[in-house]
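Note sheet for the following structure.
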Amino acid sequence: MEKYLNRSTLDLAMRSLAIRLDENGADGVQIVVCGGSALILTGMVPRTTKDVDIVALIRAGVLISPAPLPPSLCQAAQEVAEDLALAPNWLNNGPSSGEGGLFQMGLPDGFIDRLTSESYNDLLIVHFIGRFDQIHFKLYASVDRGGYHIEDLRSLNPTPDELEDASRWCMTHDVSDGFSMVLKRMLKELGYENVADRL
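Per my numbering, residue 17 is the first one in the sequence shown, and the count goes up by one each step.
Dropping the structure here:
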């Protein structure tokens with residue numbers, strides 16, 4: 017049975033991860049987190065989540081691909097999973113794990129400047145994506161997979177201009193006519209007919 021993570025369990029997991037990295041003598045790591053865990057830990061949307069999604073890493077102030085994740089981070093995450101009875105993949109690079117990933121296809125302009133950061137110890141700094149970028153990612157996921165992503169998008173209460181920016185970014189990631197049609201239909205269903213008409 018999957019364990020759902022709330023704000024307190026997510027915070028415990030991150031602090032435990034930092035401790036494990038220290039105990040293992042690992043190198044420091046900076047991860048960029050998106051999705052539900054970022055919404056929860058930044059207070060944007062109060063809900064639960066099944067995992068922590070890493071969209072990028074930062075090294076020497078530069079965004080880099082999280083594929084693959086550093087072995088020392090994976091080891092520490094596996095130990096935390098055992099310590100806290102979490103799912104084995106509670107920490108993963110799913111959003112940017114392959115060629116079609118968010119990082120690989122290109123992040124929104126100015127992405128790194130909108131990050132907020134939490135230092136758990138000298139070895140673990142977690143950067144959370146900003147609201148503007150959550151709108152981009154959640155819109156893309158809403159068109160692609162629907163479900164709770166649409167509710168997250170509603171909760172972020174995007175302005176028409178924000179949704180237009182996000183839509184144009186999404187259409188660079190999936191250039192198919194089918195994606196464009198579903199995107200425009202969904203925008204209209206969400207009450208953003210004017211945005212759909214401008215695309």
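Glycine included, C-beta positions come from ideal geometry on N, C-alpha and C.
All of these numbers come straight from a predicted model, not from anything done at the bench.
Would you mind working out which of the options sits nearest residue i, comparing C-alpha positions?
i    : options                   : result
V159 : Q150, M197 and V78        : M197
P52  : D129, R130, G110 and L206 : A small correction: the amino acid at residue 52 is Gly; Pro does not occupy that position in the sequence shown. Comparing Cα-Cα distances from G52 to each of D129, R130, G110 and L206, the minimum goes to G110.
R225 : F195, N108 and M30        : The first residue shown for the chain is 17 and the last is 215, placing residue 225 beyond what the model contains.
A103 : E209, P176 and D67        : D67
P176 : N137, L203 and P124       : L203
H152 : V142, H143 and I166       : I166
A101 : N40, S112, G114 and S32   : S32
Take the Cβ of residue i as the centre, count every other Cβ of all protein chains shown within 10 Å, and call the residue buried at 16 or more, exposed below.
i    : result
V49  : buried
R184 : exposed
D149 : buried
P82  : buried
A76  : exposed
K19  : exposed
G122 : exposed
P87  : exposed
S133 : exposed
P84  : exposed
S112 : buried
List the residues that DSSP assigns as beta-bridge partners of residue i.
i    : result
T132 : F144
V49  : I70 and F144
T188 : Its beta-bridge partners do not exist; DSSP assigns none.
T65  : L21
V78  : R75
N137 : L140
L107 : V68
My assumption, with CB atoms under 8 Å, is that residue i sits in contact with residue j. Please give the rounded CB distance.
i    : j    : result
T65  : L21  : 5 Å
V96  : R36  : 6 Å
I56  : R23  : 5 Å
D38  : L172 : That pair is no contact at about 35 Å.
H143 : I47  : 7 Å
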